[in-house]
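Student: 23 is the number of the first residue of the sequence shown in the working numbering; add one for each residue after it.
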Amino acid sequence: MSQLRALVASPTEPAQLAAEELRAAYDWVSVDQADSIVALGGDGFMLQTLHMLLENRRNIPVFGMNLGTIGFLMNDWRREGLDERLARAKPFKVSPLKMNAVNAVGERFELPAINEVSFLRETRQTAKLEITVNDRIVLPELVCDGMLIATPAGSTAYNLSVQGPILPLGSAMLAMTPISPFRPRRWRGAILPDKARIAIRVLEADKRPVSAVADQREVRDVARVDIEIDHHRDLTLLFDPEHALDDRITMEQFVA
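1) Going by DSSP, which residues form a beta bridge with residue 168?
2) Using only the alpha-carbon positions, how far apart do residue 141 and residue 188 sit?
3) Look at the Cβ atom of residue 192, then the Cβ atom of residue 252, and state whether they are nearer than 8 Å.
4) Among 240, 258, 165 and 181, whose alpha-carbon lies nearest the alpha-carbon of residue 204?
5) Quick one: is residue 105 buried, meaning 16 or more other Cβ sit within 10 Å of its Cβ, or exposed?
6) From residue 173 to residue 51, what does the alpha carbon distance come to, in whole angstroms?
7) Have a look at the DSSP bridge pairing and note the partners of residue 87.
8) Going by other Cβ atoms of all chains shown within 10 Å of its Cβ, with 16 needed for buried, is residue 277 buried or exposed?
9) For residue 194, does the three-state DSSP call read helix, strand or coil?
10) What does a CB cutoff of less than 8 Å around residue 246 pick up in its chain, not counting 5 residues either side in sequence?
11) Could you have a look at residue 183 and say whether DSSP puts it in helix, strand or coil?
12) Along the chain, where does the alpha helix (DSSP H) that runs through residue 134 open and close?
13) Assuming residue 259 contacts residue 118 under a Cβ cut-off of 8 Å, what Cβ separation, rounded to an integer in Å, is found between them?
14) When you compare the CB positions of residue 237 and residue 69, do they come within less than 8 Å of one another, or not?
15) Taking the straight line between their C-alpha atoms, what separation do you get for residue 34 and residue 135?
16) Check whether the stretch 193-200 and the stretch 32-46 are in contact - that is, three or more C-beta pairs closer than 8 Å.
17) Please classify residue 263 as buried or exposed, where buried requires at least 16 neighbouring CB atoms within 10 angstroms.
18) Between the C-alpha atoms of residue 206 and residue 115, what's the straight-line distance to the nearest angstrom?
19) Give me the residue from 95, 85 and 121 with the minimum Cα distance to residue 109.
20) Do the stretch 81-98 and the stretch 150-157 touch if we need at least three Cβ pairs shorter than 8 Å?
21) Are there 16 or more other CB atoms within 10 angstroms of the CB of residue 62, so buried, or fewer, so exposed?
22) Run the CB neighbour count on residue 103, radius 10 Å, all protein chains shown included, and call it buried at 16 or more, exposed below.
23) Would a check of beta-carbon distances place residue 94 closer than 8 Å to chain C?
24) Using the DSSP secondary-structure output, state which residues sit across from residue 212 in a beta bridge.
25) Any idea if residue 298 is buried or exposed, counting beta-carbon neighbours within 10 angstroms, 16 or more meaning buried?
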């Protein structure tokens with residue numbers, strides 16, 4: 023692997039102190055000159071780093087080290103042996119979702135999502151959503167607090183907390199998971215091939231406003247949202263062989 027690497031760190035004190043140690047121990051270049059990135063922080067900062075690459079239309083590998091809380095997308099923090107770790111790191115490709123949203127006044131938004139696109143009611147009124155898959159209405163009305171579409175990389179995040187399925191990395195699937203569904207009572211979600219084209223239409227949008235959130239970026243008062251995988255913008259994460267993301271996702275199914 024090229025030694026032209028950039029260092030980025032979250033603004034938290036632990037990440038900044040770790041960055042000072044690494045800057046003193048290794049050579050670094052700017053992000054626009056780098057062939058790889060070392061990111062220090064938690065999962066939220068990793069998502070910010072990946073979104074920065076998406077906005078700049080770059081796909082260079084990112085090796086994260088956890089100085090946050092969970093660090094599911096990160097490796098363990100160690101100052102020593104970074105060259106060897108990068109040389110041995112196992113790459114994983116992550117395909118983001120593309121969200122095309124139209125709000126109540128006709129404004130259009132296109133946003134990527136690495137973990138999930140979620141729909142959340144904005145008021146005390148439940149949301150009413152119509153769900154279409156590949157131009158076919160599969161659920162005419164879902165009454166709920168919300169729902170989400172999650173990638174395999176994001177299936178262990180918000181999706182898991184609302185009882186959605188864990189998807190193995192490389193499964194080429196998407197999880198569609200309702201949040202507090204009221205009608206139909208027996209519907210607990212679906213697993214779809216990642217080639218599926220999904221459309222969500224908000225019913226009674228003036229009375230029951232809904233927000234659409236692509237990872238951390240929100241569009242309020244949406245009327246319709248179209249979602250599909252964007253294979254043209256794949257991202258690459260690097261993991262220590264003993265800390266590989268696919269193994270972590272598998273083992274998460276056995277956590278009590």
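Glycine residues also receive a C-beta, built at the ideal position from the N, C-alpha and C atoms.
Tutor: With the given structure in hand:
1) On the sequence shown, position 146 is the one that residue 168 refers to. In the DSSP output, where bridge partners are listed per residue, residue 168 has 142 and 201.
2) By 1-based counting over the sequence shown, the position of residue 141 is 119. By 1-based counting over the sequence shown, the position of residue 188 is 166. If you take the alpha carbons of residue 141 and residue 188, they lie about 19 Å apart.
3) Within the sequence shown, numbered from 1, the residue matching residue 192 stands at position 170. Within the sequence shown, numbered from 1, the residue matching residue 252 stands at position 230. Result no, Cβ atoms of residue 192 and residue 252 do not sit closer than 8 Å.
4) Residue mapping note: residue 204 aligns to position 182 of the sequence shown, counting from 1. Among 240, 258, 165 and 181, the Cα nearest to that of residue 204 belongs to 165.
5) Against the sequence shown, residue 105 aligns to sequence position 83. Its Cβ having fewer than 16 others within 10 Å, residue 105 is exposed.
6) As a working mapping, residue 173 is identified with position 151 in the sequence shown. As a working mapping, residue 51 is identified with position 29 in the sequence shown. Note on geometry: alpha-carbon atoms of residue 173 and residue 51 lie some 32 Å from one another.
7) Against the sequence shown, residue 87 aligns to sequence position 65. According to DSSP, residue 87 bridges with 62 and 97.
8) The residue you call residue 277 lines up with position 255 of the sequence shown. Exposed, by the Cβ-count rule.
9) Here residue 194 is taken as the residue at index 172 of the sequence shown, counted from 1. Correct three-state label for residue 194: coil.
10) By one-based count along the sequence shown, residue 246 stands at place 224. Hits under 8 Å: 123, 124, 221, 222, 223 and 224.
11) By one-based count along the sequence shown, residue 183 stands at place 161. Correct three-state label for residue 183: helix.
12) Numbered from its first residue, the sequence shown carries residue 134 at position 112. Element bounds for residue 134: not the alpha helix (DSSP H) but the beta strand (DSSP E), 130-135.
13) Walking along the sequence shown from the start, residue 259 turns up at place 237. Walking along the sequence shown from the start, residue 118 turns up at place 96. Actually they are not in contact, since the Cβ atoms of residue 259 and residue 118 sit about 12 Å apart, beyond 8 Å.
14) Mapped onto the sequence shown, residue 237 falls at position 215. Mapped onto the sequence shown, residue 69 falls at position 47. Yes, the Cβ-Cβ distance between residue 237 and residue 69 is below 8 Å.
15) The residue given as residue 34 occupies position 12 in the sequence shown. The residue given as residue 135 occupies position 113 in the sequence shown. Whole-angstrom Cα-Cα distance: 24 Å.
16) no
17) Here the question's residue 263 lines up with position 241 in the sequence shown. Exposed, by the Cβ-count rule.
18) One-based indexing of the sequence shown puts residue 206 at position 184. One-based indexing of the sequence shown puts residue 115 at position 93. Answer to the nearest angstrom: the Cα atoms are 36 Å apart.
19) Sequence index remark: in the sequence shown, residue 109 carries index 87 (1-based). Selected option, being the one with the closest Cα: 85.
20) no
21) Along the sequence shown, one-based indexing puts residue 62 at 40. Buried, since its Cβ has 16 or more Cβ neighbours within 10 Å.
22) As a working note, residue 103 is residue 81 in the sequence shown. By the neighbour-count rule (16 or more Cβ atoms within 10 Å), residue 103 is not buried but exposed.
23) Note that chain C does not occur in the displayed structure, where there is just one protein chain.
24) Counting from one through the sequence shown, the residue named residue 212 turns up at place 190. Residue 212 is bridged to 198.
25) This structure does not reach residue 298, given that the chain is present from 23 up to 278, and the question cannot be answered.
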